[in-house]
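Q: Residue numbers (this note's numbering), protein chains in the order written: chain U, 1 to 409; chain Y, 1001 to 1409. Cβ atoms here follow ideal geometry from the backbone N, Cα and C, with glycine treated the same way. Predicted, not measured: the structure shown is a model, and the values here were computed from it. Below is the structure I would like to discuss, written out as structure tokens.
There are 2 protein chains.
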Amino acid sequence: MTKLSDGDQALRARASKVIPGGMYGHENVARLPAGYPQYFARAEGCRLWDVDGREFIDYLCGYGPNLLGYRHPEVEQAARAQADLGDCMTGPAPCMVELGERLVDTIEHADWVLFCKNGTDATTICLTVARAHTGKRTILRARGTYHGAAPWCTPVREGVLQEDRAHIHSFDYNDVASLEAAVDKAGDDLAAVLLTPHRHEVFQDQALPDPVFVRRARELCDARGALLILDEVRTGLRIAPGGSWERFGVRPDLSAWGKTLGNGYPVSAVAGTEVLRDAAKRIYTTGSFWFAAVPMAAAIATLSVAKREHVSTHVEVIGQQLRDGLAEQALAHGFGLRQTGPVQMPLFLFDDDRELVRGNFFAAEAMRRGVLLHPWHNMFLSLAHTDADIRRTLQATDAAFTALRKANL
Amino acid sequence: MTKLSDGDQALRARASKVIPGGMYGHENVARLPAGYPQYFARAEGCRLWDVDGREFIDYLCGYGPNLLGYRHPEVEQAARAQADLGDCMTGPAPCMVELGERLVDTIEHADWVLFCKNGTDATTICLTVARAHTGKRTILRARGTYHGAAPWCTPVREGVLQEDRAHIHSFDYNDVASLEAAVDKAGDDLAAVLLTPHRHEVFQDQALPDPVFVRRARELCDARGALLILDEVRTGLRIAPGGSWERFGVRPDLSAWGKTLGNGYPVSAVAGTEVLRDAAKRIYTTGSFWFAAVPMAAAIATLSVAKREHVSTHVEVIGQQLRDGLAEQALAHGFGLRQTGPVQMPLFLFDDDRELVRGNFFAAEAMRRGVLLHPWHNMFLSLAHTDADIRRTLQATDAAFTALRKANL
């Protein structure tokens, strides 16, 4: 029975009986400081309310999907209008074609798209298309990078076979020599190099891409007849709608998109160039819900709003405000705080804080003051975060720095 | 730009530019008779309207998900109520816990559940849990059975490596000797036997499970310390809500669910027994949209309506009416028609029709008369199919048989 009055602790107790470990996956708060909300009652804009009635300015954005603000009226309206017609039918609705056209227009390298549901679906399809097109097996990827949670890429090896990762080899992100060595080792069997637009792994500083590395990756793929795959699942639409590496003049052959596409409605996509169209046609992949119309209608509205409102510019401006404010506070309070990666997807880590003692304490103090930060995962900004939200956030973080100083951790 | 006036042919022409092959996956009508609708404008109950304004009684039900009728008011209401609060947030909503409890109550063998998005996610997780629990690698599956579209199971080998299917071996469904031989060959390395509740492959007669085979599969797993995995993605809630093999007194260790769970809203699930809880906790799997609240709220409503309305009984009764009517007509018109599998998931194939000349012609004739049948994929019945729909369907099929006789194919 639903007990609407159940708070976070009661829900956790109930969940521990019917869900392994009480929760799983990236939304499991087990590794976050005590008191972090696990269950949410409501969302609007950049605000979340947990089941205990606490209000937060949310810097996780659903771990990415919330690009325009939770329950953005235009997206909701588009989704409802389509829901009133039909969603998961025996075939797609016309909006699938329109969304395909819109994405081909938006993503610079794209001549075609293919829709799926998970980010992992999209990255997996990229590998399959690359292997179908080249007839080769080897995929090179950056060491430790997250590309999803299928057996070939999940960060935990439990239940995963060696063979699930056969012909997948690693190099170090931003390290030209390491990439060159991996390419040499792959020899004639190189199908693709798979990269995220920047390095955004948990528990470590993010790293912006070195333009020299980016261009060299493209050159090496071209020289070897291999494909360059860009995993934009986490970055898509926040960094640059046309593709995160457009500013380097580098285009991938294949790209994977997810999270933000439907502003939270479930849809992901693979985009590819003309030469790969035939391979994409020859592979077989599908899903029960992949042709559902409502997320596609939501995605069309998301693209429209994102374009009109220049969302990637907004999140960059607001993200810079947050970064500058935190940097100033850290300095004033005498803490070494490393803020890394694009300001649209902030991550901060305290110096000399291997065990995250300071990071956890600081995030917990901010959380108690109504600001949901993450101590070791990159965060996300949205169109709904305003100057006023940043100011309010910085008040909370200033108090959190004071508390941290006092705690002398 | 959306051209609302675009009909099916115009949409196909536009799609051919931005989607590889114009369409992909199981909702691609390329292998269906000419004139079959690819794009749908609207759905309600068991009715679909295509973009050319043609109305159909739909026997595909979105290839399964539509269990209660498209846009079932109680499901829609539950989904909207949750959507007004929040969907894809930074953590789950309370309805995740309630849905977990409801499924553990509903699925007889289940002590826990884990939610995901695709049916393929669910079957893949079953394999991972089985391997994590047993420390063994070999999975035995019935030859030619569809378990999803990931590299380990997609029916098309393009872009798939040999290693993607390492340690996955086949036996023949319902063939005890074949299963025993495969189990013997697996020796000490058997992690699990993976089965669908009945054989429901395309282009061939379905096969109900032989109770001797079902019980032997359970015995063999027990004897070898292996797990029995039941893939209920296509059968779930239509055959029997508690599990399709309950009537044989056989319970799986793990089961995969999808399609119908949210009556079209995207949610799938893995259910498992107590002994597997720890393995399920140790593996890592997740997805950007897996914790979204709206599909879970929809699933709770779906389970409630399905239970109250005895949906599996309804689809059995109505399915029997359709089967009896078609059998009578085939006999009267002098055609050998094989109707196989559970009546809730009907499949029919004409005798001596290897090339599906009769099957395609018959389905096209029914389609022209407002009845959407499938000439080689199992169909699905819903709570929304009424006696009157079956009568109207049988009028159309009677005319289709007459046309088929006249065509002398």
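Glu158(U) lies in the beta strand (DSSP E); which residues open and close that run?
A: Careful: Glu158(U) lies outside any beta strand (DSSP E) and carries neither H nor E.
Q: Which value, in whole angstroms, describes the spacing of the CA atoms of Arg1014(Y) and Ala30(U)?
A: Taking the straight line joining both Cα atoms gives about 48 Å.
Q: May I have a chain-ordered list of the beta strand (DSSP E) segments no shorter than 3 residues that lie completely inside the segment 1231-1273 of chain Y?
A: For the segment 1231-1273 of chain Y, whole beta strand (DSSP E) runs of length 3 or above, ordered along the chain, are 1254-1257, 1268-1272.
Q: Helix, strand or coil: which one does DSSP assign to Gly1325(Y)?
A: DSSP places Gly1325(Y) in helix when its eight states are reduced to three.
Q: Within the same chain, show all residues whose beta-carbon is closer than 8 Å to that of Asp387(U), passing over the 5 residues directly before and after it, in chain order.
A: Excluding residues within five positions, the ones whose Cβ falls inside 8 Å are Ile318, Gln321.
Q: Is Leu409(U) helix, strand or coil when you go by DSSP?
A: It is coil, neither helix nor strand.
Q: Could you spell out the range, first to last residue, of the alpha helix (DSSP H) harbouring Ser178(U)?
A: From DSSP, the alpha helix (DSSP H) with Ser178(U) extends over 176-186.
Q: Which residue or residues does DSSP assign as beta-bridge partners of Gln1339(Y)?
A: Bridge partners of Gln1339(Y): Phe1348(Y).
Q: Exposed or buried, what is Leu1133(Y) when buried is set at 16 or more other beta-carbons lying within 10 Å of its beta-carbon?
A: According to the sequence provided, residue 1133(Y) is His. The question's Leu does not apply to it. Buried.
Q: If we cut at 9 Å on Cβ distances, does Thr1434(Y) have a partner in chain U?
A: For residue 1434(Y) there is no data in the structure shown, the boundaries of chain Y being 1001 and 1409.
Q: With 16 as the cutoff for other CB atoms within 10 Å, does Thr313(U) come out buried or exposed?
A: Answer is exposed; the Cβ neighbour count stays below 16.
Q: If you reduce the DSSP assignment to three classes, tell me which class His72(U) lands in.
A: Correct three-state label for His72(U): coil.
Q: From the beta carbon of Met1(U), is the nearest beta carbon of chain Y less than 9 Å away?
A: Because the pLDDT at Met1(U) is just 45, under 50, the model does not fix this residue reliably, and the value given afterwards should be weighed accordingly. Cβ-Cβ to chain Y under 9 Å: yes for Met1(U).
Q: Comparing C-alpha positions only, which one of Val305(U), Gly325(U), Ala407(U) sits nearest to Gln395(U)?
A: Answer by Cα proximity: Gly325(U).
Q: Would you say Asn1118(Y) reaches chain U, if we count a Cβ-Cβ gap shorter than 9 Å as a contact?
A: Taking Cβ atoms only, chain U reaches closer than 9 Å to Asn1118(Y), which makes this a yes.
Q: Counting only C-beta atoms, is Arg1143(Y) closer than 9 Å to chain U at any point?
A: For Arg1143(Y), the answer is no, since every Cβ of chain U falls outside 9 Å of its Cβ.
Q: Would Pro1033(Y) pass as a contact of Met1379(Y) if the rule is Cβ separation under 9 Å?
A: No, the Cβ-Cβ distance between Pro1033(Y) and Met1379(Y) is not below 9 Å.
Q: Is it buried or exposed, Pro241(U), if we count other Cβ atoms within 10 angstroms and call 16 or more buried?
A: Result: buried.
Q: Would you say Leu27(U) lies against chain Y (beta-carbon separation less than 9 Å)?
A: Reading off the sequence shown, one finds Glu at residue 27(U), where the question assumed Leu. Closer than 9 Å: yes.
Q: Can you give me the Cβ contacts of Met1001(Y) inside the same chain, cut-off strictly under 6 Å, excluding the 5 residues immediately before and after it?
A: Here Met1001(Y) scores only 45 on pLDDT, less than 50, and its place in the model should not be relied on; the value that follows carries that caveat. So no residue of the chain qualifies.
Q: Can you have a look at Arg1234(Y) and say buried or exposed, based on whether 16 or more other CB atoms are within 10 angstroms of its CB?
A: The residue in question, Arg1234(Y), is buried, as its Cβ has 16 or more Cβ neighbours within 10 Å.
Q: Quick test of your reading: Thr302(U) and Leu68(U), contact by CB under 8 Å. State the CB separation rounded to the nearest angstrom.
A: That pair is a contact at about 6 Å.
Q: Does any residue of chain U have a CB that is nearer than 9 Å to the CB of Trp1112(Y)?
A: With 9 Å as the cut-off, Trp1112(Y) counts as an interface residue toward chain U.
Q: Against chain Y, which members of the segment 62-95 of chain U pass a CB distance test of less than 9 Å?
A: Answer in chain order: Gly62, Tyr63, Gly64, Pro65, Asn66, Tyr70, Arg71, Glu76, Ala79, Arg80, Ala83, Asp84, Leu85, Gly86, Asp87, Cys88, Met89, Thr90, Gly91, Pro92, Ala93, Pro94, Cys95.
Q: Does the beta carbon of Thr397(U) come closer than 9 Å to any beta carbon on chain Y?
A: Not one chain Y Cβ lies under 9 Å of Thr397(U).
Q: Can you tell me whether Val156(U) is buried or exposed, with buried defined as 16 or more other CB within 10 angstroms of its CB?
A: The residue is exposed, with fewer than 16 neighbouring Cβ atoms inside 10 Å.
Q: I'd like the ranges of any alpha helix (DSSP H) spanning at least 4 consecutive residues and lying wholly in the segment 1059-1106 of chain Y.
A: Whole alpha helix (DSSP H) segments, 4+ residues: 1073-1083, 1094-1106.
Q: Between Arg323(U) and Gln344(U), which are expected to be in contact by the criterion C-beta below 8 Å, what is the C-beta distance as a whole number of angstroms?
A: Incorrect: roughly 10 Å between the Cβ atoms, too far for contact.
Q: Looking at the structure shown, is Cys1116(Y) part of a helix, part of a strand, or coil, going by DSSP?
A: In the structure shown, Cys1116(Y) sits in a strand (DSSP, three-state: E or B).
Q: In whole angstroms, what is the alpha-carbon distance linking Gln82(U) and Ile300(U)?
A: Straight-line Cα distance between these residues: approximately 11 Å.
Q: On the premise that Gly1022(Y) lies in contact with Ser1016(Y), defined as a C-beta separation below 8 Å, what is that separation, rounded to the nearest angstrom?
A: So it is a contact: roughly 4 Å between Cβ atoms.
Q: Excluding five sequence neighbours on each side, which residues of the same chain lie with their C-beta closer than 8 Å to the C-beta of Ala1269(Y)?
A: Around Ala1269(Y): Leu1103, Val1113, Leu1114, Phe1115, Cys1116, Ala1122, Ala1256, Trp1257, Gly1258, Leu1261.
Q: On a Cα-Cα basis, can you pick out the residue from Asp1008(Y), Asp1058(Y), Ala1010(Y), Pro1094(Y) that is closest to Gly7(U)?
A: Ranking the options by Cα distance to Gly7(U), first place goes to Pro1094(Y).
Q: Hey, out of Asp1172(Y), Gly1135(Y), Leu1048(Y), Glu1201(Y), whose CA is closest to Arg1224(Y)'s CA?
A: With distances taken between Cα atoms, Arg1224(Y) lies closest to Gly1135(Y).
Q: Quick one: does the C-beta of Arg215(U) sit closer than 8 Å to a heavy atom of the ligand FMN?
A: For the ligand FMN, the structure offers nothing, since it holds no ligand at all.
Q: Quick one: which residues of the segment 165-188 of chain U get their C-beta closer than 7 Å to a C-beta of chain Y? List them in chain order.
A: From the segment 165-188 of chain U, only Ala166, His167 have a Cβ closer than 7 Å to chain Y.
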